[in-house]
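Heads up, the thing below is written out as structure tokens.
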Amino acid sequence: MRSLFERLAANLRGDRPAALATCIDGTGAGAKLLVDDDGTDGDLGSPGLNHAVQAEARALLDLGETAIRTFGADGEPVGVEVKVFIESFAPKPNMYVFGAIDFSRAMAKIGKYLGYRVTVVDARPIFATKRRIPDADEVVVAWPDEFLREAPVNARTVLVVLTHDVKFDVPLLQVALQTEAGYIGAMGSRRTHANRIAALREAGIGDGDLARISAPIGLDIGARTPEETAISIAAEIVALRSGRAGGRLREGTAPVHGSERSIAQPAPLQEVTL
5 MRSLFERLAA
15 NLRGDRPAAL
25 ATCIDGTGAG
35 AKLLVDDDGT
45 DGDLGSPGLN
55 HAVQAEARAL
65 LDLGETAIRT
75 FGADGEPVGV
85 EVKVFIESFA
95 PKPNMYVFGA
105 IDFSRAMAKI
115 GKYLGYRVTV
125 VDARPIFATK
135 RRIPDADEVV
145 VAWPDEFLRE
155 APVNARTVLV
165 VLTHDVKFDV
175 PLLQVALQTE
185 AGYIGAMGSR
195 RTHANRIAAL
205 REAGIGDGDL
215 ARISAPIGLD
225 IGARTPEETA
235 ISIAAEIVAL
245 RSGRAGGRLR
255 EGTAPVHGSE
265 RSIAQPAPLQ
275 EVTL
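All residue numbers for the sequence shown refer to my numbering, where the first residue is 5 and numbers rise by one.
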């Protein structure tokens, strides 16, 4: 048990996501299972229960939620029930939205809804105001590429480029492609993006790095309004982190619920039966 808590402490010190599951009733009350990026530690009493709780813990980490879940004694959905308290420990992932426009207002709202800490960046002080984009956690007046050079970025970071202006886009994307950001999306028509790609190639960016840019940004759902566009972008972000193509569920064969690991802060306690 000591090693389990030492491992949890190491995750917390390293700002790495982890979930601690504890049986709160039944003969195994008090048993614990730690779930992190390296796997698991501990035992809840049966392989089936460990497996089921691990899957649910990862799903809760995706949402940044702490919750009570009810399982079968061996992880099955029926039979003797066992309640498990699953506590998530994880920072909110960052979403950086570049360009303080109407689309950014909608993107900030849906980004917050998905559990991101949203920062909107624009070099124009008349547009980059909290009054215009109230749902953003922070609105920064800065040149996008200069901001990104200093901003914390990791594999859970989402970069949404809505500036749609070559003097901002190209320098920003050059910096973005040097980071390990998990998602880099850029707004604009196919012609606009072709021009961006040409400029980036001239700057020495290779095809492998250029393929990381999702542009035109979002899934093809026929979005027109800022709100619809934000939904399209959000759907692409979720699909990418889940390793899904983003098609219609009725036309696919994969399980409906994925096991993506994007991380956010704990939310209010919920209890459901699985």
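The C-beta atom is built at its ideal place from N, Cα and C for all residues, glycine as well. Quick caveat, the model's predicted, so the values are computed rather than measured.
Practice problem: Would you identify the three-state DSSP class for residue 78, choosing helix, strand or coil? | Solution: Look at residue 78 here: in three-state DSSP terms it is coil, with no helix or strand label.
Quiz item: Measuring CB to CB, does residue 56 end up less than 8 Å from residue 39?
Solution: Not a contact, by the Cβ cut-off of 8 Å.
Quiz prompt | Inter-residue Cα distance where the pair is residue 52 and residue 78 | solution = Here the C-alpha atom of residue 52 lies approximately 5 Å from the C-alpha atom of residue 78.
Practice problem: Identify, in the order they occur along the chain, each residue of the same chain with its Cβ nearer than 8 Å to the Cβ of residue 199, setting aside the five sequence neighbours on each side. | Solution: Counting only Cβ-Cβ distances below 8 Å, and skipping sequence neighbours, we find 170.
Quiz item: Buried or exposed: where does residue 138 fall if 16 or more other Cβ atoms within 10 Å of its Cβ makes it buried?
Solution: Answer is exposed; the Cβ neighbour count stays below 16.
Exercise. Look at the alpha carbon of residue 166 and the alpha carbon of residue 93, and state the distance between them as a whole number of angstroms.
Key: CA-CA distance, residue 166 to residue 93, rounds to 31 Å.
Quiz item: Between the beta-carbon of residue 124 and the beta-carbon of residue 155, is there less than 8 Å?
Solution: Contact: no.
Quiz prompt | In DSSP terms, what residue 37 is bridged to | solution = Answer is 25 and 46, bridged to residue 37.
Practice problem: Would you kindly report the start and end of the unbroken alpha helix (DSSP H) that includes residue 107? | Solution: First-last of the alpha helix (DSSP H) with residue 107: 106 to 117.
Quiz item: Do you know how far the Cα of residue 12 is from the Cα of residue 90?
Solution: Cα atoms of residue 90 and residue 12: separation of roughly 13 Å, rounded to the nearest angstrom.
Exercise. Using 10 angstroms around the beta-carbon of residue 135, count the other beta-carbons present and answer buried if the total reaches 16, otherwise exposed.
Key: When all chains shown are included, residue 135 counts as exposed.
Quiz item: In chain order, what residues of the same chain lie with their CB nearer than 6 Å to the CB of residue 236, ignoring the 5 residues before and after it?
Solution: Within the same chain, Cβ atoms closer than 6 Å to the Cβ of residue 236 are found at 222, 223, 225 and 227, the five residues on either side in sequence being excluded.
Self-check item: One or two residues paired with residue 98 in a DSSP bridge
Solution: Per DSSP, the beta bridge partners of residue 98 are 121.
Practice problem: Starting from the C-beta of residue 277, find all residues in its chain whose C-beta is less than 6 Å away, skip the five residues before and the five after it, and write them out in chain order. | Solution: At residue 277, the pLDDT of 42 sits below 50, so the modelled position is not reliable and the matter cannot be decided from this model.
Quiz prompt | For residue 27 and residue 240, the rounded distance between their alpha carbons | solution = Across the structure, residue 240 and residue 27 are spaced so that their CA atoms are roughly 36 Å apart.
Quiz item: Distance, Cα to Cα, residue 179 vs residue 19?
Solution: Near 24 Å, if we compare the C-alpha coordinates of residue 19 and residue 179.
Exercise. Classify residue 277 as helix, strand or coil using the three-state DSSP reduction.
Key: In this prediction, residue 277 has a pLDDT of 42, which is less than 50 and means its spatial position is unreliable; nothing more can be read from the coordinates.
Quiz item: Exposed or buried, what is residue 182 when buried is set at 16 or more other beta-carbons lying within 10 Å of its beta-carbon?
Solution: Label assigned to residue 182: exposed.
Quiz item: Among all the DSSP beta bridges, which residues are the ones paired with residue 134?
Solution: DSSP output for residue 134 lists no bridge partner at all.
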